[in-house]
Each structure stands twice: as structure tokens, then as C-alpha cells.
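Start counting the sequence shown at 1345; every next residue gets the next number (our numbering). Remarks on the structure that follows.
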Amino acid sequence: MEEAKKHEQLADQVIEKIGRPLDKWAVAAVLESIGVRDADALRDFDRADVFALAEDIYARCQAREWKSVGEKRPRELVLRERLGRFFKFYIQGLFFALPMAGQIFAVLFLGYSLWASLQFSEREGTIVAMGIILSLVVTGGFVQAIGRKGLFYLEQGSYVLAKEVCLRFIKAGTLVVIEVGLGLYLANLIWPFFGRTTLVIALMYYFLLSELWLSLAVLYALRERIATLLLTLLGALAVYLTMKLTPWGIFAAHGTGLTIADV
């Protein structure tokens, strides 16, 4: 009974601060903000860590009755405010597109980017496209989660929780990337739909680009647009120098550039 009472009191504090919580992560952010640590969760509430405690508190909050409150109609914006918001978000969108624009300019001026080359044959371009598409499909959900959750907690000032959430999604995303890659490789051994060399090259692009997308998602959450641009341009420069100074070939050059960008 005493333990349940303490849980209910903690739920009261959460509701007092943020109202009805959206999910357990929001509860965890509040618990962190009021000073609850993993050690406190284990000692005082018999839960393994803050996240386990947040699950319990979130369930208690959801079990309570909530009165629906009619939403107030938002004030209509005047033309000047609309234009101001338009240009604000338009400029933010331009900054968001800077890394991709940087890769386009790298191809035009250097002949290479982190994953493209003007010298690609149809076969080489197809191999690379396979890796790119697969990386985007597999990591898409994790990238969205990192960007949304990481940014949410950073805006609340919950930096430790933001770091923890991003690391968890990166680990989970990397695990899924490896599992899918191994699954495709093993399937190709049983039903050889691609040549082994072709598949290995495609999987190299797939894995390195997947890790790049996960890393860039963290930079997005941190709003480090310029750092994202510089990181991707550094990788493209590494590809260019590898092609000019070594006899390794485009696939090895891209592998070098992507590895540098990932690290």
C-alpha cells in the first residue's frame, strides 16, 4: 500500500507539471526534471531504472478519468505574420536541404559525392542505388524517431534523457540494419539472385549509409545544420582525394569517404 501511494503521488507531480502525458518518454522527462535517478527508482520505487518507473507512472496517469476540454479557436494571423512565418520556415527548410545541395555541388565540381560519381556505369549505378534505397527503407523509422524524440527532449532541457533516447534508437537501428544485411546475404547464398561481389558492394553502401543517416538524425535533433553540411562535404572530399591519389577505385573510395563521415 505504501509503495502504491508513493507511485500515485509521483503521478500527481507528473500531471501537475504537464497534464495528461503523451507517452512514457514524456513521463521520464518529468521524472528526470524533478531529480529522480535510476538509483532512486530502484531504492524508493522498486523499479530497475527511471524508464521502468516511467512506464508504471504513465499507466497510472492513463488509468485516471480525464475531462475533455473544448479547444479554443486559435487567433487568425494577419498577412504580415503569415509572411513572416512563411519566410522563417522556408529558410529553415533551405538549411535542412544544405547537406543534399552540398553533395550535388560536390558531384558537379569534383565529379564525386559521398555515394555518387559521374563516372558510374549503369551496372555500378544500379548496385549503389540498391544500397541507398535499402538503407533509407530500413532506417527511416529510426531516423524519424531520433529526430522527433531527441528534439522534443532537447527543447524541454532534458539533455540526459535526449542522449539516452538517441543512443537507444541508434543501437536498435544498427541492430536491425545488421540483421537485414545478414538476412539478405544468407538468402542470396540459398537463392543466388545477385552475384556475390555485387551483393557485397551493395551491402557496403547499405550499411555505411544507414549509419550515416542515423548519425545525421542526431545532428538534426541538435539543429547542427552547418556541421551536417561540413561532415558530408568532408566525406565527399575524402572520396575525391582517394580517387586522385590511390588506384583503389570508386567503390573503395566511397567506402573510405562514408567511413570518415560516419566516424
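Note that CB positions come from ideal geometry on N, CA and C, so glycine has one too.
For the pair Tyr1584 and Ala1597, the CB atoms are nearer than the 9 angstroms cut-off. In this structure, the straight-line span from the alpha carbon of Phe1430 to that of Leu1553 is close to 32 angstroms. The three-state secondary structure of Ser1461, taken from DSSP, is strand. Ile1490 has its alpha-carbon roughly 6 angstroms from the corresponding atom of Ala1561. Taking the Cα positions, Arg1540 is about 8 angstroms away from Leu1533. The beta carbon of Val1451 is closer than 6 angstroms to those of Ser1457 and Ala1460 in its chain, skipping five residues each way along the sequence. Excluding the 5 residues flanking it on each side, Leu1505 has same chain C-beta neighbours closer than 7 angstroms at Ala1372, Ala1373, Glu1376 and Tyr1497, in chain order. Taking Phe1551 as the centre and dropping the five residues before and after it, the same chain places the C-beta of Val1521 and Gly1525 closer than 7 angstroms to its C-beta, in chain order. The alpha-carbon separation between Val1358 and Leu1543 amounts to approximately 51 angstroms.
Per DSSP, Trp1557 is one residue of the alpha helix (DSSP H) stretching across Arg1540 to Ala1565. Under DSSP, Tyr1456 takes part in a beta bridge, and its partners are Ser1461. Secondary structure note for Phe1486: its alpha helix (DSSP H) is the uninterrupted segment Glu1466 to Glu1499.
Residue environment analysis places Pro1536 among the exposed positions, since fewer than 16 neighbouring C-beta atoms fall within 10 angstroms of its C-beta.
A direct Cα-Cα distance of roughly 10 angstroms separates Asp1400 from Val1394. Around the beta carbon of Pro1365, a 10 Å sphere encloses 16 or more other beta carbons of the protein chains shown; the residue is thus reported as buried. Apart from sequence neighbours up to five positions away, the residues of its chain that approach Leu1462 with a beta-carbon distance below 7 angstroms are Val1451 and Gly1455, ordered along the chain. For the pair Gly1517 and Val1487, the CB atoms are nearer than the 9 angstroms cut-off.
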